[in-house]
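In what follows, a single structure is set out as structure tokens and then discussed.
Numbering (our numbering), first residue to last: 2 to 716.
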């Protein structure tokens, strides 16, 4: 049994040794933790000088600190404390320090332990050795004094320089240091700066323009400070710009600069003094809206004519429109202008600015000018088109289109178009060529004013055109007074005017038996009765079943008359067979003869204005004419109002007067035109036959001379 004095001394040494080991381990652990906190705080501070330290970085550093602290605690604190330190180990430690024991202490400990191997040894000898060891223990004193206390000095030597070096920043910048340390433990603490910076520019800017970048600065700034702006276009290297003071306001100040144009998105950050933007700011570069199509249409006044009436159509909807070249507008009084535009991208707003005078200055001055009338346009459902209407007046000389996209960017420069109010053109009217009564016996040259047999009719054929519609026609005539030799020329009588009644186009209808066609060929219409139609005439097909090709186009030209009960149509191609319905024949006016096609030579058409072949889109009554027979027996004397008695040799001068479409007085006087005049001489039958023979002989000589001249040069 080991003496109690020896065991208590060995236990004291063991406790002292554990305490010293713990102090040393804690010193090492604290030193490692302080170094890590210092290094990682420095890293955090360095990153924060340029941008906010990403949370992932802070989290990573915290994880590293935790792992290192845990491993160091296990290595320097936990493992030394759980290490086994038996009495025999402690006895050897004491004998190493006190050689005077000469192995008596270790022998006393080992030989007196339970289960010790004492074979061959006497109990008396063991007792003597144990007694000597106990006496020496009493002389040496407490074994705890023999522990290695140098580890206390080592601990101080390790901690003191680390604490001194790492503690200086804490002493100098305690607030900053505490914030940095708190951030190392993931506390939501901001690092203080003398100035704070924040991006204040628009997030979107047009492509191809100088980019103004502004930074909001708060804190201890000065106007003479110059910072650095870092700009990185997508896929390009970072560019540096000087960041200078712009202006101050209630919320701090704005610093900024202009960056060269770019066509790609970019990010930017800034530094000023010890401040910087927390994170890079993105700026998107987009194209400004561009007006790619500018179409203008002039809606003619209602008096020019209206489209066929349909449900829910107003008078304005029925007015005919005239497309305008490239958006420039020219129209007559009473017209309305419709402008349709289209952009290359989505737009949210659009305006049309009506300009009152040419040569206006910059936009700012124009907007303040009373001669600019800015009106909102209606944006279409497709969000890329817009339209507007305005009345055509002499106060508007131009217009321009302004569109705005979802970012508030307008088109630069806005397209400008001219607007012109012009007087309405008067119709044109011309007398057609005079011919003999038989069209197969006409001369090869024009005849100006055929003579008329006494008591006969003067045949007047004419054609007229009106861009804005034809109204009415009149015939004007007067009998020329003969000039007697030796007397003064007689005064000319005033014109006598007589109206020419308008004649509608003849029409007829019949019942259709069938409409049958082979693909790629003209369809054949079979009628139940003789149709009495001719090739080239127009027919309208109504209520034919089984021919979808008819659609909205129901008027067709007869290609060939195949039989008294069948004919083919030029424009109709169908495969299959339809049945039922009606055909309506409409006579076609021929402007070259002044009468309807296929009409007899002596058939009179006083005046006819051709309707539109496509009334849903094209204005009608723009072409007209007539064939009028002026009865010489019915000529009136302007003075007496009675019928004139003509004799051979009298001359009758005549012409045609045509008016444009009638309108209300507010639109001005109705324009009109008068044809050239012709003169017909009254003759007896004998004189007329002699004149005709002379004309025929002259015509034969002209033909003979023409044939002779054509044979001079070889073909």
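Cβ coordinates follow ideal geometry from the N, Cα and C atoms, glycine included.
Note that the structure is a prediction, hence the values are computed from the model and not measured.
- In this structure, residue 82 and residue 19 form a Cβ contact; the two beta carbons are roughly 6 Å apart against a cut-off of 8 Å.
- By the neighbour-count criterion, in which 16 or more other beta carbons inside 10 Å mark a residue as buried, residue 532 falls on the buried side.
- C-alpha of residue 542 to C-alpha of residue 556: approximately 6 Å in a straight line.
- The residues 523, 536, 568, 569, 570 and 571, in chain order, have a CB closer than 8 Å to that of residue 560 in the same chain once the five nearest residues on each side in sequence are set aside.
- Beta-bridge analysis with DSSP links residue 461 to 629.
- Positions of the alpha helix (DSSP H) runs, each at least 4 residues long and wholly inside the stretch 365-428, cannot be given because no such run exists.
- The stretch 589-596 makes no contact with the stretch 449-460; the number of CB pairs closer than 8 Å stays below 3.
- Judged by beta-carbon spacing, residue 420 lies beyond the 8 Å limit of residue 545, meaning their Cβ atoms are not closer than that value.
- Only residues of its own chain outside the window of five on either side were considered, and among them 475 and 477 have a CB closer than 6 Å to the CB of residue 498, listed in chain order.
- Take the alpha-carbon of residue 394 and the one of residue 333: they are about 9 Å apart.
- The stretch 262-278 makes contact with the stretch 222-234, as at least three CB pairs between them are under 8 Å.
- Pairing residue 197 with residue 278, the inter-Cα distance amounts to about 7 Å.
- For residue 180, the enclosing alpha helix (DSSP H) covers residues 175-185.
- Contact between residue 106 and residue 134 holds: CB atoms are separated by about 5 Å, below the 8 Å threshold.
- Counting along the chain, no alpha helix (DSSP H) covers residue 586; the unbroken beta strand (DSSP E) around it starts and ends at 583-587.
- In the DSSP secondary-structure assignment, residue 660 is bridged to 673.
- For residue 390, same chain residues with a beta-carbon under 7 Å away, outside a window of 5 residues either side, are 337, 338 and 339 in chain order.
- Looking at the backbone, the Cα of residue 622 and that of residue 406 are separated by about 45 Å.
- Per DSSP, the beta-bridge partners of residue 609 are 626.
- In the structure shown, residue 217 falls within a strand segment according to DSSP collapsed to helix, strand and coil.
- Closest in alpha carbon position to residue 384, among 345, 465, 323 and 355, is 345.
- The beta-carbon distance between residue 656 and residue 470, rounded to whole angstroms, is 22 Å. This is too long to meet the 8 Å contact definition.
- Beta-carbon to beta-carbon, residue 287 and residue 208 are separated by about 6 Å, close enough to satisfy the 8 Å threshold.
- Across the set 479, 581, 631 and 627, the C-alpha of 479 shows the shortest separation from the C-alpha of residue 640.
- Three or more pairs of CB atoms, one per stretch, sit closer than 8 Å, so the stretch 646-655 contacts the stretch 678-696.
- In terms of Cα proximity to residue 50, the closest of 272, 358, 64 and 108 is 272.
- Per the coordinates, the alpha-carbon of residue 628 lies some 24 Å from the alpha-carbon of residue 620.
- Here residue 312 carries a coil assignment [DSSP, helix/strand/coil].
- In terms of Cβ geometry, residue 6 and residue 138 form a close pair [threshold 8 Å].
- For the pair residue 322 and residue 300, the CB atoms are nearer than the 8 Å cut-off.
- 578 is the residue among 578, 550, 452 and 520 whose C-alpha sits nearest the C-alpha of residue 527.
- DSSP, read as helix, strand or coil, puts residue 468 in coil.
- Ranked by how close their Cα comes to the Cα of residue 539, the residues 508, 566, 521 and 28 have 508 in first place.
- Residue 188 counts as exposed, since fewer than 16 other beta carbons sit within 10 angstroms of its beta carbon.
- 8 Å or more divides the Cβ of residue 227 from the Cβ of residue 250.
- Put simply, of 576, 91, 165 and 513 the residue whose alpha carbon is nearest the alpha carbon of residue 143 is 91.
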